[in-house]
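Residues 1 to 192 (full-length UniProt numbering) are what the sequence shown spells out, left to right.
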Amino acid sequence: MDPNTSPDEIVYETRWSDLDFCKKTKNWYCYGKVLAERAAWEESKKRGVDMVVINPVLVIGPLLQPTINASTVHILKYLNGAVKTYANSVQAYVHVNDVAAAHVLLFENPSAAGRYICSESSLHRGEVVEILAKFFPEYPVPTKCSDEIKPRAKALTFSNQKLKDMGLDFVPVKQCLYETVKSLQEKGQLPV
1 MDPNTSPDEI VYETRWSDLD FCKKTKNWYC YGKVLAERAA WEESKKRGVD MVVINPVLVI
61 GPLLQPTINA STVHILKYLN GAVKTYANSV QAYVHVNDVA AAHVLLFENP SAAGRYICSE
121 SSLHRGEVVE ILAKFFPEYP VPTKCSDEIK PRAKALTFSN QKLKDMGLDF VPVKQCLYET
181 VKSLQEKGQL PV
C-alpha cells in the first residue's frame, strides 16, 4: 500500500508498503506484514542466514476449511445477495496452488534469493462481478458500482516476472474465481 504508486507503473519487489499510509488508513494487517518482514530480513542478515520471501497478493481458490476466510468474503457477498453494489476498487489475485507451488519451487532452487511477488493479475471489482455473473448467472451478482461519481479506480500491475523466470505458470484469474465459487458451493456456503 503506497499512495504514491501510479497505476501506470509496474510494482516490483523493491517496493514496500508505506507504513505512514498504513497507519493513516488503519490497515494494521499490512502494517504488521511490513514490520514482520523487515524484522526477518534484519535478523537473517545479522545471523548470516539466507532468506527468501514470497509476497502473495489476495489468495483465492479452493478452501480447505469449511468456513469463510477474509480472502473470499467479498466474493461470497457478490453472490449471496448481501451487497447490491460493487466497490470502486481494485484487487490483485493469486491462486492458492500458485502460492504453494512458489514455495516449493523456491525452496528447491538454490539460486532463489530475495523477494518474490506472487500475483497473477489485478482486477477492478467491476471486472470481478462480470466474471462471476458470466460463470454463475443463477446468483444475484451486483451490476452497479457503489461510487459512480469518482473515476473508475485503475488496477496496479504487480510484476510476477521473477517467479515466471523460475518456472511458475500462474493459474488465470478467471479460473481462480471459478474454483473459489465452486469450493464455496461444495462447502455449503452457496446454494447449488
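Backbone N, C-alpha and C fix where the C-beta goes; we use that ideal spot for every residue, glycine too. Because the structure is a prediction, the values reported are computed rather than measured.
Just reading off the alpha helix (DSSP H) that residue i is part of, what are its end residues?
i	result
L35	28-47
Y78	73-79
E129	Residue 129 is actually Val in this sequence, not Glu. Residues 125-135.
Q161	161-165
Can you list, in chain order, the residues of its chain with a C-beta nearer than 6 Å to that of residue i? Leave out the 5 residues immediately preceding and following it.
i	result
V128	none
Please list, in chain order, all residues of the same chain as residue i whose beta carbon is under 8 Å from its beta carbon, the five residues on each side excluded.
i	result
T25	M1
N4	D18
At what residues does the beta strand (DSSP E) containing residue i begin and finish?
i	result
K58	Note on residue identity: the sequence assigns Leu, not Lys, to residue 58. Residues 58-60.
V173	No beta strand (DSSP E) contains V173, which is instead part of the alpha helix (DSSP H) from 173-186.
Any heavy atom of the ligand HEM inside 7 Å of the beta-carbon of residue i?
i	result
K144	Of the ligands one can find in the structure shown there are none, so the ligand HEM has no counterpart to examine.
Buried or exposed, going by whether 16 or more other CB atoms sit within 10 Å of the CB of residue i?
i	result
G126	buried
K45	exposed
T67	exposed
G188	exposed
Y29	exposed
T14	exposed
F158	buried
Please list, in chain order, all residues of the same chain as residue i whose beta carbon is under 7 Å from its beta carbon, the five residues on each side excluded.
i	result
Y178	F135
* To do: Decide yes or no for the touch test of the region 41-54 against the region 98-116: beta carbon pairs closer than 8 Å, at least 3 of them.
  => Yes, they touch.
* When the Cβ atoms of the region 93-101 are set against those of the region 34-41, are three or more pairs found closer than 8 Å? -> no
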